[in-house]
Amino acid sequence: MKASVEGEKVILVPYMREHVPKYHDWMQDPTILEATASEPLTLEQEYDMQVSWTQDSLKQTFIVLDKELVMGDFIPGNPHIEAMVGDVNIYMNDLDDPQMAEIEIMIAELKSRGKGLAQESVLMMMVFAVEKFGIHAFHAKIGESNKASLNLFHKMGFQKISYSEIFKEVTLELPITESTCEKLHQLIGNMVTHSWP
Ligand SMILES: CC(C)(COP(=O)(O)OP(=O)(O)OC[C@H]1O[C@@H](n2cnc3c(N)ncnc32)[C@H](O)[C@@H]1OP(=O)(O)O)[C@@H](O)C(=O)NCCC(=O)NCCS
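Quick note on full-length UniProt numbering: the sequence shown kicks off at 1 and runs consecutively.
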């Protein structure tokens with residue numbers, strides 16, 4: 001079963017083959033590569049990456065759609081490339097703690113920045129991950145000079161737990177307590193899930 005999650009400003013949809021060319025274009029931008037600590041991939045490697053995202057049970061990704069850019073009605077299962085503006089990911093890759101997820105967000109389209117889309121996407125992904133995978137803590141690794149991202153995660157209650165001198169990167173954490181969970185649900189009061197086979 002595949003699922004999309006709709007909020008007030010964004011719809012999170014699965015990363016589909018049709019999204020790859022635009023995603024690959026974004027990842028040619030050196031600023032984006034640096035901010036997301038990514039390596040450039042060829043188009044073919046990006047197609048392989050899209051398949052690996054759908055098969056790896058330790059990763060979950062969604063493409064972020066800006067609802068203001070969706071042409072016509074939103075159709076679950078349709079890639080809506082016209083509205084894709086970024087992505088949000090989690091990795092459950094801590095062998096000592098499988099219920100810990102590292103979270104990443106990117107709003108690549110400049111015209112869609114500063115509208116609260118990153119904040120809503122991260123909150124929605126956290127609610128999804130708590131409900132689907134029982135995640136009890138989120139980590140975010142952020143370059144020390146990435147003020148926008150540091151502000152974003154601090155605003156949501158993440159706090160610094162470590163700093164890597166080598167990578168010039170801080171790790172922030174948000175433990176999911178009962179009260180954080182309640183707050184997340186209040187913030188994302190009108191989140192709707194659309195599922196299809
Ligand atoms: C960081 C990023 C995801 C923010 O996306 P966005 O949709 O513009 O962010 P939002 O509109 O949801 O902003 C939410 C909060 O983040 C912070 N923020 C966002 N952009 C900011 C900026 N340019 N400068 C300072 N703070 C900023 C603010 O606290 C803001 O809250 P406010 O509007 O009440 O001040 C986006 O700039 C981006 O994708 N950058 C490149 C990739 C990247 O750095 N990803 C993070 C890697 S860990």
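Every residue gets a Cβ at the ideal spot worked out from N, C-alpha and C, and that includes glycine. None of the values given here were measured: they were computed from a predicted structure.
According to the Cβ coordinates, are residue i and residue j closer than 8 Å?
i, j, result
"Asn93", "Leu58", "yes"
"Lys160", "Leu172", "yes"
"Glu104", "Thr31", "no"
"Gln50", "Tyr91", "no"
"Ile75", "Val127", "no"
"Thr61", "Asn89", "yes"
"Ala129", "Met100", "no"
"Val70", "His80", "yes"
Can you tell me whether residue i is buried or exposed? The criterion is at least 16 other CB atoms within 10 Å of its CB, across all chains shown.
i, result
"Glu44", "exposed"
"Asp87", "buried"
"Ser164", "exposed"
"Glu120", "buried"
"Ser4", "buried"
"Pro197", "exposed"
"Asp66", "buried"
"Ile166", "exposed"
"Leu95", "exposed"
I think residue i touches residue j, with their Cβ atoms under 8 Å apart; what is that distance to the nearest whole Å?
i, j, result
"Met125", "Gly7", "Not really, about 10 Å apart at Cβ, beyond 8 Å."
"Lys111", "Lys9", "The Cβ separation is near 14 Å, so there is no contact."
"residue 244", "Ser179", "This structure cannot speak to residue 244, because the chain is shown only from 1 to 197."
So which of the options has the shortest CA-CA distance to residue i?
i, options, result
"Pro175", "Ala140, Glu82, His194", "Ala140"
"Ala148", "Arg113, Thr177, Ser121", "Arg113"
"Lys168", "Ile103, Lys155, Gly189, Glu144", "Glu144"
"Ser162", "Lys155, Ile142, Gly116, Thr177", "Ile142"
"Val85", "Pro21, Phe158, Trp196", "Pro21"
"His24", "Gln55, Ala101, Glu109, Gly72", "Glu109"
"Lys155", "Ile107, Lys111, Ala118, Lys67", "Ala118"
"Met27", "Glu39, His19, Arg17, Glu18", "Glu39"
"Asp29", "Cys181, Met106, Ser179", "Met106"
"Cys181", "Thr193, His194, Gly157, Asp96", "Gly157"
"Ser52", "Leu12, Val170, Arg17, Thr193", "Arg17"
"Lys183", "Phe133, Glu68, Leu123, Gly72", "Leu123"
"Phe133", "Asp97, Asn146, Leu150", "Asp97"
"Val170", "Gln186, His185, Thr177, Asn146", "Asn146"
Just checking residue i against ligand 3 - is the residue's beta carbon closer than 7 Å to any of the ligand's heavy atoms?
i, result
"Gln119", "Of the ligands one can find in the structure shown, namely ligand 1, none is ligand 3."
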